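In the UniProt record's numbering, the protein residues as written are 1 to 486. All C-beta atoms in this analysis are idealised placements derived from N, C-alpha and C, irrespective of residue type, glycine included. As the structure is a prediction and not an experimental result, all values here were calculated from the model.
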């Protein structure tokens with residue numbers, strides 16, 4: 001195939017140039033029916049592509065023309081047998097992966113640090129999660145991936161599992177030895193589903209971890225918008241034939257996808273694929289160089305330490321994406337959230353996320369050297385302002401505990417519930433999720449037993465000002481638990 005093609009974008013441009021009279025939605029009709037200030041800012045060119053699935057433009061739910069061709073080009077670029085576009089982010093693609101492989105009562109092996117979308121899919125499928133323990137970095141307070149040994153033990157204990165979920169790479173850029181994990185899972189006849197939300201670029205540069213398709217995985221939900229240059233909310237689901245039926249996957253994707261698909265998002269996937277396929281290596285090389293330079297400069301700042309390849313010492317931390325710039329700030333005597341707020345309020349810099357100990361900055365080919373200089377300069381000034389705190393107290397790094405699951409997530413979610421104070425919930429079974437978002441990894445999920453350790457971790461994040469969310473009560477003072485039947 002000719003990766004220089006952009007069949008969907010070209011079709012949309014040709015349609016917009018015709019300027020047909022539109023007696024179909026959207027009701028703004030080329031922007032004429034839209035509020036003037038918004039229309040002026042967005043521009044008539046963009047609004048002319050805000051279209052609907054009329055015949056000349058193909059239909060994502062049953063593609064036969066330009067969308068079909070665009071997805072075929074994407075499949076070739078990503079090394080998949082089939083690629084399906086998502087205009088509802090990677091969360092929908094992840095849910096589709098799970099629903100296409102497991103059903104009620106089926107076992108699915110899952111790392112406990114998965115995104116909430118995996119757990120949502122498990123609730124919808126009424127599947128039985130078997131949680132595997134990811135390795136924990138005690139210096140940075142983050143979870144890495146699964147070791148090959150952990151996966152092998154999980155499969156040996158559960159040979160009847162219907163699927164294995166793997167994160168590759170993690171939010172912080174750490175990849176497991178995915179090829180070996182795939183080999184082990186396939187030896188049990190178990191397909192491997194990969195949350196590749198943060199790895200769209202990995203298959204286009206040899207200095208990065210292997211992509212899911214390169215490693216032989218069966219499906220991968222991949223965020224193109226995060227690091228691949230498409231618009232926010234646009235992702236792909238890559239599928240390998242053999243253990244997975246692509247036709248069934250497409251049916252499940254269609255069940256979950258709006259019938260009012262965004263052609264702006266679809267077109268951005270089309271052109272992002274072209275850019276990755278034709279110029280991805282050079283673009284990524286530029287981003288890697290920026291990130292490596294930034295990492296070296298930040299590591300030279302007293303009180304700051306960056307996560308890097310020196311942390312790789314097991315098959316759970318097998319490879320590293322240097323464009324994920326994780327900076328430990330705990331030695332300054334402040335939290336990551338404190339530093340995020342300082343960067344925002346004093347330097348007009350926004351970071352990807354913060355937690356109790358770190359900030360995470362995403363470096364892409366859209367950044368400039370001036371951007372890196374501004375970040376480093378700001379961090380130098382912040383570190384200098386807290387120079388007197390350095391080394392004055394030992395910070396004990398804690399990670400979210402792994403509670404015991406005593407009830408299926410779906411059963412707990414739909415059970416008769418009662419509301420209790422979080423502080424008085426020890427020993428009760430959760431009926432909802434609590435997480436810090438980002439990264440969206442649940443601290444507690446339906447079916448797990450609340451422990452004092454879990455409460456302490458949640459309250460520590462709340463005191464730090466971090467975005468704890470999930471329960472019906474937005475202040476997280478009360479939670480829903482399964483009602484005790486006397």
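| Check | Outcome |
| --- | --- |
| Whole alpha helix (DSSP H) elements within the stretch 328–379, 4-residue minimum | 336–347 |
| Alpha carbon of residue 74 to alpha carbon of residue 273, nearest angstrom | 6 Å |
| Every unbroken alpha helix (DSSP H) within the stretch 67–131, with a cutoff of 4 residues, ordered by chain | 89–99, 116–125 |
| Check whether residue 264 and residue 231 have beta carbons under 8 Å apart | yes |
| Ordered list of alpha helix (DSSP H) runs contained in the stretch 6–80, each at least 4 residues | 7–18, 36–42, 44–48, 66–78 |
| Coarse secondary structure for residue 424, derived from DSSP in three states | helix |
| Meets three-Cβ-pair contact criterion under 8 Å: the stretch 81–88 and the stretch 226–240 | yes |
| Contact under 8 Å by Cβ, residue 119 with residue 442 | yes |
| As assigned by DSSP and simplified to three states, the class of residue 451 | coil |
| When 305, 354, 76 are compared against residue 331, the one with the closest alpha-carbon | 305 |
| Three-pair Cβ contact test at 8 Å for the stretch 205–218 versus the stretch 165–181 | yes |
| Inter-residue CB distance, residue 24 and residue 52 (contact presumed, cutoff 8 Å) | 6 Å |
| Inter-stretch contact (C-beta, 8 Å, three-pair minimum) for the stretch 147–154 and the stretch 283–298 | no |
| Contacting residues, own chain, Cβ-Cβ under 8 Å from residue 349 (five flanking each side not counted) | 343, 374, 375, 378 |
| Cβ-Cβ separation, residue 143 to residue 399 (assumed contact under 8 Å), whole Å | 6 Å |
| DSSP state of residue 469 mapped onto helix, strand, coil | strand |
| Of the listed residues 107, 136, 133, 113, nearest to residue 126 (C-alpha basis) | 107 |
| 8 Å Cβ cutoff met for residue 465 and residue 347 | no |
| Residue 139, DSSP secondary structure in three states | coil |
| Host beta strand (DSSP E) of residue 243 (start-end) | First-last for residue 243: undefined, no H or E at that position. |
| First through last residue of the alpha helix (DSSP H) which encompasses residue 286 | 263–299 |
| Beta bridge counterpart(s) of residue 392 as assigned by DSSP | Residue 392 pairs with nothing; no bridge assigned. |
| Pairwise C-alpha distance: residue 313 and residue 60 | 44 Å |
| Identified DSSP bridge partners for residue 436 | 441, 468 |
| Terminal residues of the alpha helix (DSSP H) in which residue 411 lies | 409–413 |
| Residues near residue 197 in its chain [Cβ-Cβ closer than 6 Å; skip 5 each side] | 90, 223 |
| Paired residues, beta bridge with residue 320 - DSSP | 174 |
| Where residue 179 falls: helix, strand or coil (DSSP) | helix |
| Where residue 211 falls: helix, strand or coil (DSSP) | coil |
| Segment contact, 8 Å Cβ cut-off, at least three pairs: the stretch 100–117 with the stretch 39–51 | no |
| Burial state of residue 17 (16 or more Cβ within 10 Å) | exposed |
| Residue 4 - partner residues in DSSP beta bridges | Per DSSP, none; premise fails for residue 4. |
| Whole-angstrom distance between residue 469 and residue 203, CA atom to CA atom | 34 Å |
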